[in-house]
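The next block holds one structure in the form of structure tokens; read it before the comments.
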Amino acid sequence: MRWIRGIIAAAALLTVTACGEQAATTESGAGEAEKAPPASKELSRAPEEVPRDGPVPMGQIDASALPDGYPVDVAVSDEGRTLTVVAQEGGCTKVSATVAEQNDERIEVKLVESKPADKNVMCTMDMRYPPLTVELDEPLERRVVVLDYERATH
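Sequence positions in the sequence shown follow mature numbering (1 follows the signal peptide of the UniProt record, and there is no 0) and run -23 to -1, 1 to 131.
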């Protein structure tokens, strides 16, 4: 059994060493032509390149109303007519999503985290990140997704 652990440790060390050597070669200037351009968080797109399926670009999401540390992960599918928002809930709380407003410039998605009114309920200490879907009247296109947050008791 010990020899298996030794082989796994050696393989991990070789992998880390190989990755370190490759990075050092790229940083030292050797192979400068092979160096990839730095990845940017936001890629600019021409109007005809607006994604109809896949992740919504961060520049198209307004998450300023979300609590600190809340996930900001929104995707579009069904030819731009369905939004999937990753929400956060934990313990006894349950989260839901609804479209509060849709117009030509923005779509407001309200995330409501509900907790039981009874304070004597025992709750676990886990965090869950359920994907919630909402349907849009028209495809997302260039509209901004505004994420709103509210806490409620039930």
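Using N, Cα and C, we set each Cβ at its ideal position, and we do this for glycine too. Everything numeric in this text was worked out from a predicted model, so none of it was measured.
Notebook entry, point to check: Could you check where the beta strand (DSSP E) with residue 109 kicks off and where it finishes?
Noted result: 108 to 112
From the DSSP secondary-structure annotation, give me the bridge partner or partners of residue 32. 52
| query | Rounded to a whole number of angstroms, what is the C-alpha to C-alpha distance between residue 110 and residue 101? | reply | 25 Å
Requested in this report: Express the C-alpha separation of residue 83 and residue 65 in angstroms, rounding to a whole number.
Outcome: 23 Å
Quick check on DSSP: helix, strand or coil for residue 130? strand
When the Cβ atoms of the stretch 55 to 74 are set against those of the stretch 82 to 96, are three or more pairs found closer than 8 Å? yes
- Item | Of the listed residues 36, 37, 131, 125, nearest to residue 47 (C-alpha basis) | 125
Report the rounded CA-to-CA distance for residue 97 versus residue 36, giving the unit in angstroms.
42 Å
> Hey, how far is the Cα of residue 131 from the Cα of residue 118?
Replying inline: 36 Å
Q.
Suppose contacts are defined by Cβ-Cβ distances below 8 Å. Is residue 85 in contact with residue 77 by that definition?
A. yes
Just the C-alpha distance for residue 128 and residue 87, rounded to the nearest angstrom, thanks. 11 Å
Is the beta carbon of residue 53 closer than 8 Å to that of residue 29? yes
| Which stretch, first to last residue, makes up the beta strand (DSSP E) that contains residue 37? | Where residue 37 is concerned, there is no enclosing beta strand (DSSP E), given that its DSSP letter is neither H nor E.
- What are the boundary residues of the beta strand (DSSP E) that includes residue 98? Here residue 98 belongs to no beta strand (DSSP E), and DSSP marks it neither H nor E.
- prompt: Between residue 114 and the rest of its own chain, which residues show a CB-CB distance below 7 Å, the 5 nearest in sequence each way excluded?
  reply: 79
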